[in-house]
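There are 4 protein chains.
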Amino acid sequence: MIHVSIIGATGYTGVELVRLLGLREDVVLDHLTSRTYAGQKIQHLFPHLLGHIDHTCEELDLEQVTTDSDVIFVALPHGHALPIAKKAKEKGKKVIDLGADFRLKDAAVYEEWYKVAHTEPELLEEAVYGLPEWDRDAIKDATVIANPGCFVTSILLGLMPLMKKGWVVPNSIVCDSKSGTSGAGRAGNVANLFTEVESSFKAYGVAHHRHTPEIEQLLTQMAGTDTMIQFTPHLVPMSRGILSTIYATVKEKTTAAEIQSLFEEAYADEPFVQVLPAGMWPMTKSVKGTNNCQLGVTYDERTGRVIIVSVIDNLMKGAAGQAVQNMNLMFGLAETTGLQMIGLFP
Amino acid sequence: MIHVSIIGATGYTGVELVRLLGLREDVVLDHLTSRTYAGQKIQHLFPHLLGHIDHTCEELDLEQVTTDSDVIFVALPHGHALPIAKKAKEKGKKVIDLGADFRLKDAAVYEEWYKVAHTEPELLEEAVYGLPEWDRDAIKDATVIANPGCFVTSILLGLMPLMKKGWVVPNSIVCDSKSGTSGAGRAGNVANLFTEVESSFKAYGVAHHRHTPEIEQLLTQMAGTDTMIQFTPHLVPMSRGILSTIYATVKEKTTAAEIQSLFEEAYADEPFVQVLPAGMWPMTKSVKGTNNCQLGVTYDERTGRVIIVSVIDNLMKGAAGQAVQNMNLMFGLAETTGLQMIGLFP
Amino acid sequence: MIHVSIIGATGYTGVELVRLLGLREDVVLDHLTSRTYAGQKIQHLFPHLLGHIDHTCEELDLEQVTTDSDVIFVALPHGHALPIAKKAKEKGKKVIDLGADFRLKDAAVYEEWYKVAHTEPELLEEAVYGLPEWDRDAIKDATVIANPGCFVTSILLGLMPLMKKGWVVPNSIVCDSKSGTSGAGRAGNVANLFTEVESSFKAYGVAHHRHTPEIEQLLTQMAGTDTMIQFTPHLVPMSRGILSTIYATVKEKTTAAEIQSLFEEAYADEPFVQVLPAGMWPMTKSVKGTNNCQLGVTYDERTGRVIIVSVIDNLMKGAAGQAVQNMNLMFGLAETTGLQMIGLFP
Amino acid sequence: MIHVSIIGATGYTGVELVRLLGLREDVVLDHLTSRTYAGQKIQHLFPHLLGHIDHTCEELDLEQVTTDSDVIFVALPHGHALPIAKKAKEKGKKVIDLGADFRLKDAAVYEEWYKVAHTEPELLEEAVYGLPEWDRDAIKDATVIANPGCFVTSILLGLMPLMKKGWVVPNSIVCDSKSGTSGAGRAGNVANLFTEVESSFKAYGVAHHRHTPEIEQLLTQMAGTDTMIQFTPHLVPMSRGILSTIYATVKEKTTAAEIQSLFEEAYADEPFVQVLPAGMWPMTKSVKGTNNCQLGVTYDERTGRVIIVSVIDNLMKGAAGQAVQNMNLMFGLAETTGLQMIGLFP
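Protein chains in written order, with UniProt numbering: chain Y, 1 to 346; chain Z, 1 to 346; chain G, 1 to 346; chain U, 1 to 346.
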């Protein structure tokens, strides 16, 4: 049995972890923490849990949590995972951070984009970036996982086969991403009210979104050469899902068929990445509630660009699902344990 | 292994059965039939099945289907289940009809409301109404199951404890029901376009909906006395979910606490019915993707009415989920097999 | 020129008043007040006003407002209109209160349901209930208007022809109402986030909603006999619109045709009420953005009930539109001035 | 009085023209044609017109229409406007084609992308492209107007100031556009059902959408040099609205402030184009129901790209609203006649 605690269980990412872990027979949920709702039954806050999860939300007791649990999922805003990971490391326990604290290898870049000091540079160095399709072996041995950002995951999986080949013209990449509103969290913000979001569409964080350096860091690793991107996130009137439309100019002429084959081969053995048949384009609804990433690709002979459309569920492959996939790897389980599910359609 | 075929696999109910049965290790999917899409891979029609279900849709070959399968799910409009059930019966196989052909015990009433002749009166007599919370023993021994209507299920579970007690004033019941649009099926109807439905709400079938006689038949059985209801369905701009608000005048004064206890006791052992704590009212989102029914109840001292709010997922407890629950019972499995899931929220 | 101020201009009702009055050539907008956003340009808060409305939001200066303006619209929570109406009265100015402070004629009832003391009983007595279809002559001479509640308007217009005839069995009325979420206001409440509301449906305030006594007060006046109702509000995943489904048992048998005629005649000369042809049922989308109320009616011979389905736009005929209609009447203008518009469809 | 007929009045674009023209005191609606609904009252098909528009839909009688009307709006699929324009020309009447028949100046390009022959090359030469912000003088004298495509309008208004200056690197432009579903028309297509579209997002027509040559034709005219673009449309779960995110590399370094000024000056006198203050980004909801285009712009110093976000209502500035703007110009009216309206929010 794997003993698990979830720090920040009443955010959308946290409660999605409860959905994924709460019924597993090989997992024990020890502690569900919530500063706002401590003392309340989580099934009364989230009635979809009624009859399944009887836990009461607790204040975080770091000593207790790291004593009881083998792995601690941190589903909190950036900055909060640092002391938790430090304590867990002391106790020999594992941490999966769903926030940004261990994603950027350069602490100075972290501090520039997130405006807080990074207090654990040694842990940062040790932390492993939790994208299994990129380096699952490193994940198996990790004690601290930096779970990738949601936009980031959709873009990295969309570009990885091209980057590894070195086919992309440096700095030609444009990533136009669209997200459902659960990515904005569960705070009572006027801008995220139903009335404001429904039947509307907008861009935000143009030219300045914090996921930019994370994407560039990984693409640079994949290509082996400095890579800069243009990234624009948008808000879609839907709860779940991210779709990224990615444009990349290639160095030499190619064909749509060659690109199709490249992607099909690259992901042939990946359980959670599906390349659609040529001519089909993915929609976010097809992956709702699942850990899947679906990709459509083509090459535009007129313009010399490869175009990739990538969809994930931002709370699953973009957060909680990928975190569980990482946990499975870290504990020597089959990677798909508890994640084999068909999406909810319609 | 239970061998299963789904007749009408490309409607919303049919493809939901595929979701529920396609990954079960104790079930083999033999045939998925579709008149419209025969010859096409179902995972290309429904990309949420990609990587999971490799079947090609077939024309219905009744001889073959009833030879190969132990149980046949019929997810077709009314009238179509009659010949299928007849053939299955001859071959000694079981049928679960998700349509209306075996729901009304009086063939004349069926013909009045559905405008077609009932050609199988003997099978009709033999068929068992598939509401496990009402009579699961009968279901265990059945060969033909009439799977209840979606609105009907939400209302029957909402009223059953009261009806059994005989507390309700005859003919005082008003059932005001609201459904997501997946209940309208997957035909290309202008009235069901996104543009027409989005951000709007309407009533339909006022005073004349076909579920009326089915509800009255069952309530009459439960109460042991003739019962007539007022039933109005409405269309909600959401894909899944039914909420029924039910008003019933009681013969003698009671209290909210007494009604709360009545319901809690009635459903204490039911795996798929949850009575919310007093003062909480259910929302459809809490049961999305699950086989659950959640109930909120109260008594209004001013008016002498009990008010019950009942929610289900119309494609699950209102159709495919309940059908699988019935299959589990018919084959001696644990009733919850393959149906233990936490809803998708948000 | 009519000089107008709007107190609480940055709520949904307030900003709807700005939409209706901001481009009128016979109206001058003096002051737009907002406690939260004082000092900010309203067109930057609400970019749909860009290029049209150049006002800066102000703190309320009651002396100034009542000096400058002929009529003051109060779009604030209950309790706040009392001192404003008092001051306006002193200055000989008119007030249209879109809140609840002057709706209930019995101050004790007001205090019971709203939990605050009513400090202006004389003004309360003088105030006129602003439902033009009920008593437009009284409105013409009023100085303080109690603008009706949104649910209330949809129900009163649905029942008025029946009540005036005295045909309804006392206490048989059930009002099952469904509202878009703009009715919940523009506060940053978690329960009203897009993620929580989207693709879901719920009931709230069952048996205890504050609009109940207001509805009963008016129905009692209309029928000339004490009338008690059952009222249940629900939340629809849409921004605008209310649909009320109203059930009323009639004392003597009637026919659908007779009911249809009763309604058509009752509203033949009303500019903002449309009775749909027999067999058609209204949807909220048809009145979006307009001051219209559309009604569908029938009589169910099986049950002896009249069923009325009534739709309005909650921010228009349910609030700002009706307020402007009242202003037109109070200032001797054509009642439809500035309100003649075709709804936005789709 | 201007006599007007609408050919194809029961599509979304046609019925939007009815909304805009039906209450104008300087316009007479002569004929509303519809092949599908001929003989039916348009207010029964579209109840938002109840009480306003009493017309019965007619089969198209081309002789009659061109005799009676001064201007004919054609809201039909491509190909159908050719004979109508020919006949109107003979009768000395004006035509505004909301389809594609007169948009592409090169008949061969039209035939390549639309797969039909162009039978009226002389009219094609004479036709004027109906984007007032580009060349309103030509529109004033035109007899045949090619009303621009919806995506096209959002992109041209977004790029025009840059193109006229000649600042853009040829072939660097990426246009990532997102549209509500009313753009897909009112046919009963399964892919456009509420259930399929709700809470989902997808790309379509990647690298091959028919608006591509139209955009390139106009950008080339504006810049005076051959221009090729990358254009990808997407479908948003909303009824109305288009947002285009446009990326263009500029030849020489610039600043966000310079770009902001360029746009503010370019559109200072345009009644329907609003440049948002620096740092604000538009959302589609702000222009819902209006003829406005709102723009947000910046320059990314890291990447050397200008980024423009442009929003319109696809049925208004993207179709019917712009058509009416063109009609106003053609008949010597104030350009904003009947189009001065504040958007519907929320």
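No residue lacks a Cβ here, since even glycine has one placed at the ideal position from N, Cα and C. As the structure is a computational prediction, the values presented were derived from the model and not from experiment.
Report, in whole angstroms, the separation of the C-beta atoms of residue i and residue j, which I expect to be a contact under 8 Å.
i, j, result
"Thr33 of chain Y", "Ile7 of chain Y", "5 Å"
"His211 of chain U", "Val152 of chain U", "5 Å"
"Thr66 of chain Y", "Ala81 of chain Y", "Rounded, the Cβ-Cβ distance is 13 Å, inconsistent with contact."
"Leu17 of chain Z", "Ala334 of chain Z", "Not really, about 19 Å apart at Cβ, beyond 8 Å."
"Leu243 of chain G", "Val306 of chain G", "In fact, because the Cβ distance is near 17 Å, the residues do not count as touching under 8 Å."
"Val169 of chain Z", "Thr249 of chain Z", "4 Å"
"Arg24 of chain U", "Gly332 of chain U", "With 8 Å as the limit, Arg24 of chain U and Gly332 of chain U do not qualify as a contact, their Cβ atoms being about 15 Å apart."
"Pro47 of chain Z", "Gln260 of chain Y", "With 8 Å as the limit, Pro47 of chain Z and Gln260 of chain Y do not qualify as a contact, their Cβ atoms being about 16 Å apart."
Quick one: what does DSSP say residue i is sitting in, helix, strand or coil?
i, result
"Arg210 of chain Z", "coil"
"Gly296 of chain U", "strand"
"Arg35 of chain Z", "coil"
"Phe263 of chain Y", "helix"
"Ser69 of chain U", "coil"
"Glu122 of chain G", "helix"
"Ser244 of chain Z", "strand"
"Gln274 of chain Y", "strand"
"Ala215 of chain Y", "The identity of residue 215 of chain Y in the sequence shown is Ile, whereas the question assumes Ala. Correct three-state label for Ile215 of chain Y: helix."
"His52 of chain U", "coil"
"Glu335 of chain U", "coil"
"Tyr110 of chain Z", "helix"
"Lys202 of chain Y", "strand"
"Glu16 of chain Z", "helix"
"Leu29 of chain Z", "strand"
"Ser286 of chain U", "helix"
Please list the terminal residues of the continuous beta strand (DSSP E) segment that includes residue i.
i, result
"Ser179 of chain Y", "Ile173 to Ser179"
"Lys94 of chain U", "Lys94 to Asp97"
"His234 of chain G", "Ile229 to Leu235"
"Arg305 of chain G", "Arg305 to Ile312"
"Val190 of chain Y", "It is not in any beta strand (DSSP E) - Val190 of chain Y carries neither H nor E in the DSSP assignment."
"Val144 of chain U", "Val144 to Ala146"
Which residues mark the beginning and the end of the alpha helix (DSSP H) in which residue i is found?
i, result
"Asp137 of chain U", "Pro132 to Lys140"
"Ile155 of chain Y", "Cys150 to Lys165"
"His44 of chain Y", "Ile42 to Leu45"
"Ile84 of chain Y", "Ala81 to Lys91"
"Val197 of chain G", "Phe194 to Val197"
"Ala320 of chain G", "Ala320 to Met330"
Here's the rule I'm using: 16 or more other beta-carbon atoms within 10 Å means buried, otherwise exposed. How should residue i be labelled?
i, result
"Ala323 of chain Y", "buried"
"Asn328 of chain G", "buried"
"Met160 of chain Z", "buried"
"Ser69 of chain U", "buried"
"Pro213 of chain Y", "buried"
"Lys253 of chain G", "exposed"
"Thr255 of chain Y", "exposed"
Are at least three pairs of beta-carbons, each pair with one atom in the region 113–132 of chain U and one in the region 176–184 of chain U, less than 8 Å apart? The region 113–132 of chain U is not in contact with the region 176–184 of chain U.
Hey, is the region 179–190 of chain U in contact with the region 224–241 of chain Z, meaning 3+ C-beta pairs nearer than 8 Å? With the cut-off at 8 Å, the region 179–190 of chain U and the region 224–241 of chain Z do not touch.
For the region 125–133 of chain U against the region 146–158 of chain U, are there 3 or more C-beta pairs whose distance is under 8 Å? Touching, per the Cβ criterion.
At least 3 beta-carbon pairs within less than 8 Å: the region 335–345 of chain Y vs the region 287–306 of chain Y: Remark: three or more beta-carbon pairs, one from each stretch, lie closer than 8 Å, so the region 335–345 of chain Y and the region 287–306 of chain Y are flagged as touching.
Sufficient close CB pairs (3 or more, under 8 Å) joining the region 188–201 of chain G to the region 189–204 of chain Y: Between the region 188–201 of chain G and the region 189–204 of chain Y, the count of Cβ pairs shorter than 8 Å is three or higher; the stretches touch.
Three CB pairs or more closer than 8 Å across the region 231–249 of chain U and the region 275–286 of chain U: Taking 8 Å as the limit for Cβ pairs, the verdict is that the region 275–286 of chain U does touch the region 231–249 of chain U.
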